[in-house]
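Protein chains: 2
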Amino acid sequence: MGVTSARARPTQAQRRARTRGALLEAAARGFSKDGYSALTLERVAAEAGYSRGALYHQFASKEELALAVVAWVEETWWPVMAPLISDADDPVEALIAVARNHAVFCRRDIARVHMVLSVEFSGQDHPVGRAIEDAGRRVVAEFARLIEGGRDAGLIPPGPPPRVLAMGVLGGVEGLVINLAGQVPFDELLAERVVRGVLGLPSAL
Amino acid sequence: MGVTSARARPTQAQRRARTRGALLEAAARGFSKDGYSALTLERVAAEAGYSRGALYHQFASKEELALAVVAWVEETWWPVMAPLISDADDPVEALIAVARNHAVFCRRDIARVHMVLSVEFSGQDHPVGRAIEDAGRRVVAEFARLIEGGRDAGLIPPGPPPRVLAMGVLGGVEGLVINLAGQVPFDELLAERVVRGVLGLPSAL
DNA sequence: TACTATACATACATGTACGTATGTAACCGC
DNA sequence: GCGGTTACATACGTACATGTATGTATAGTA
Chain X
9 MGVTSARARP TQAQRRARTR GALLEAAARG FSKDGYSALT LERVAAEAGY
59 SRGALYHQFA SKEELALAVV AWVEETWWPV MAPLISDADD PVEALIAVAR
109 NHAVFCRRDI ARVHMVLSVE FSGQDHPVGR AIEDAGRRVV AEFARLIEGG
159 RDAGLIPPGP PPRVLAMGVL GGVEGLVINL AGQVPFDELL AERVVRGVLG
209 LPSAL
Chain Z
9 MGVTSARARP TQAQRRARTR GALLEAAARG FSKDGYSALT LERVAAEAGY
59 SRGALYHQFA SKEELALAVV AWVEETWWPV MAPLISDADD PVEALIAVAR
109 NHAVFCRRDI ARVHMVLSVE FSGQDHPVGR AIEDAGRRVV AEFARLIEGG
159 RDAGLIPPGP PPRVLAMGVL GGVEGLVINL AGQVPFDELL AERVVRGVLG
209 LPSAL
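Below, the structure is given as structure tokens:
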């Protein structure tokens with residue numbers, strides 16, 4: 009034997025990365041389902057196939073775990089959306105593409121994390137709340153930029169300030185997608201309709 | 009003295025009703041802000057100006073308090089919305105009126121209760137979750153009825169099933185209103201736009 | 001091969017929030 | 001006015017979740 013030894017016995021760094029990934033995914037699903045306070049680290053560890061010891065070996069606290077999950081989700085979200093924005097012909101198309109793909113993205117049970125934690129921590133002075141709000145602000149800023157571009161190009165009629173429209177689009181799409189979980193073809197279609205509606209565009213379909 | 013004795017010393021039933029109301033309102037605000045698990049009954053009682061003893065004298069458990077809050081909010085919501093539905097000229101106008109007034113309704117910090125608890129308990133097999141889902145189902149059923157009426161009258165173009173549209177409208181409006189808390193003139197306007205958008209109607213403004 | 005560090009489990013300590021039991025003062029019917 | 005009930009406060013027990021300390025086996029290194 010000794011053959012394929014490179015794969016049979018993973019290195020420590022590989023083990024560490026694997027467990028960390030498993031714990032992060034379990035935590036994301038858990039927060040998504042139960043929220044922050046209701047989710048116990050015991051369940052996170054168990055669902056990942058480990059014990060709480062493993063969890064505390066990788067994350068200093070429940071709070072740090074949540075922060076890591078938020079960062080992880082954001083790092084998964086942007087690489088999906090960024091090309092849609094840069095490849096789109098015009099800002100409106102970009103916004104619609106992001107909305108549709110956000111609906112698709114949220115079909116994974118991972119992604120209610122944002123809304124759940126946002127709802128649970130909004131207004132509080134909590135690090136997790138701040139992280140969530142920061143992530144939201146980045147999306148809103150990007151949306152507002154696109155909306156301004158659309159206004160300048162005459163594609164979006166005048167009306168409320170771009171920032172307000174951006175917050176409306178984000179909230180509307182997120183709320184719709186959460187309420188339409190599982191309605192597979194329609195979640196995407198109606199996400200587009202929310203964008204068109206909030207922006208004051210005529211419906212295309 | 010002895011004058012105005014009727015107002016100076018309230019009867020027991022009056023005291024009970026007053027405390028119950030104060031506790032319910034404090035609980036509604038609390039759930040709205042902190043969610044279910046994160047809110048402690050100590051804080052509810054304190055903010056209402058009582059002790060936990062008073063709370064447990066009126067409500068058997070935290071769960072029962074939450075159920076009472078859900079019922080109380082629903083009993084506040086429907087009397088506002090029902091006349092809008094019956095007075096409206098057509099189903100689309102009714103839906104828009106409800107959406108706009110829901111935005112106004114949610115300016116009170118009371119009314120995030122629905123979304124917060126819904127997010128926290130969705131999928132769980134918990135009495136509070138069931139109560140929330142029941143309340144949501146009643147709204148969706150009413151919306152679906154209106155949408156069907158609008159389809160029959162040719163006011164709403166064909167597309168996804170009425171129930172799906174109804175869930176989309178509810179989710180979209182709720183999400184938008186939560187994200188637009190405090191944006192006073194725009195929350196109402198954009199709530200209408202979400203309805204128009206999801207239903208596939210041309211934008212009127 | 002021996003020695004250390006790392007990955008993870010197990011056991012323990014602490015805090016906190018729920019629920020209950022008990023106490024007290026004010027109200028109500030007789 | 002008096003016994004009983006009601007409204008509420010205070011004190012207590014208990015369960016559970018977080019965080020910590022300790023133990024063990026395996027990977028890395030000399």
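So the protein sequences, as listed, match chains X and Z.
Residue numbering for the first sequence follows the working numbering, beginning at 9 and increasing consecutively.
Residue numbering for the second sequence follows the working numbering, beginning at 9 and increasing consecutively.
Think of the CB as a built atom: it goes at the ideal place given N, C-alpha and C, for glycine as much as any other residue.
Cutoff 7 Å: residue i Cβ touching any chain X Cβ
i                  : result
Val-136 of chain Z : no
Met-89 of chain Z  : no
Ser-45 of chain Z  : yes
Arg-204 of chain Z : yes
Arg-201 of chain Z : yes
Ile-155 of chain Z : no
Rounded separation between residue i and residue j - CA only
i                  : j                  : result
Thr-48 of chain Z  : Lys-41 of chain Z  : 12 Å
His-122 of chain Z : Ser-130 of chain X : 15 Å
Ala-212 of chain X : Ile-155 of chain X : 18 Å
Leu-75 of chain X  : Arg-23 of chain Z  : 46 Å
Arg-146 of chain X : Gly-29 of chain Z  : 41 Å
Val-181 of chain Z : Glu-50 of chain X  : 36 Å
Asp-95 of chain Z  : Ser-69 of chain Z  : 40 Å
Arg-37 of chain Z  : Glu-141 of chain X : 21 Å
Val-192 of chain Z : Ala-21 of chain X  : 52 Å
Trp-86 of chain X  : Gly-144 of chain X : 12 Å
Ile-118 of chain Z : Thr-84 of chain Z  : 10 Å
Ile-164 of chain X : Ala-152 of chain X : 12 Å
Glu-82 of chain Z  : Leu-207 of chain X : 31 Å
Val-203 of chain Z : Arg-60 of chain Z  : 43 Å
Arg-116 of chain X : Glu-33 of chain X  : 11 Å
Residues near residue i in its chain [Cβ-Cβ closer than 8 Å; skip 5 each side]
i                  : result
Leu-31 of chain Z  : Val-52, Ala-53, Ala-56, Tyr-58, Ala-62, Leu-63, Gln-66, Phe-67, Leu-73
Pro-166 of chain X : Arg-159
Pro-18 of chain X  : Arg-26
Candidates the options, of which the one nearest residue i by Cα
i                  : options                                    : result
Gly-137 of chain X : X:Ala-21, X:Pro-18, X:Ser-45, X:Gly-29     : X:Ser-45
Glu-196 of chain X : Z:Val-172, Z:Glu-196, Z:Val-185, Z:Pro-166 : Z:Val-172
Leu-103 of chain X : X:Met-175, X:Ile-118, X:His-134            : X:Met-175
Val-124 of chain X : X:Val-77, X:Ala-105, X:Ala-161, X:Ala-149  : X:Val-77
Residue i: first and last residue of the uninterrupted alpha helix (DSSP H) it sits in
i                  : result
Asp-95 of chain X  : 70-95
Leu-173 of chain X : 170-187
Ala-102 of chain X : 99-113
Tyr-64 of chain X  : 60-66
Gln-22 of chain Z  : 20-46
His-122 of chain Z : 121-129
Cutoff 7 Å; reference residue i; Cβ partners in own chain excluding five residues on either side
i                  : result
Asn-109 of chain Z : Val-88, Met-89, Leu-92
Val-185 of chain X : His-110, Ala-111, Cys-114, Asp-195, Ala-199
Beta carbon proximity, residue i to chain Z, threshold 7 Å
i                  : result
Ala-102 of chain X : no
Lys-70 of chain X  : no
Ile-164 of chain X : no
Asn-109 of chain X : no
Leu-125 of chain X : no
Ser-211 of chain X : yes
Leu-75 of chain X  : no
Phe-194 of chain X : yes
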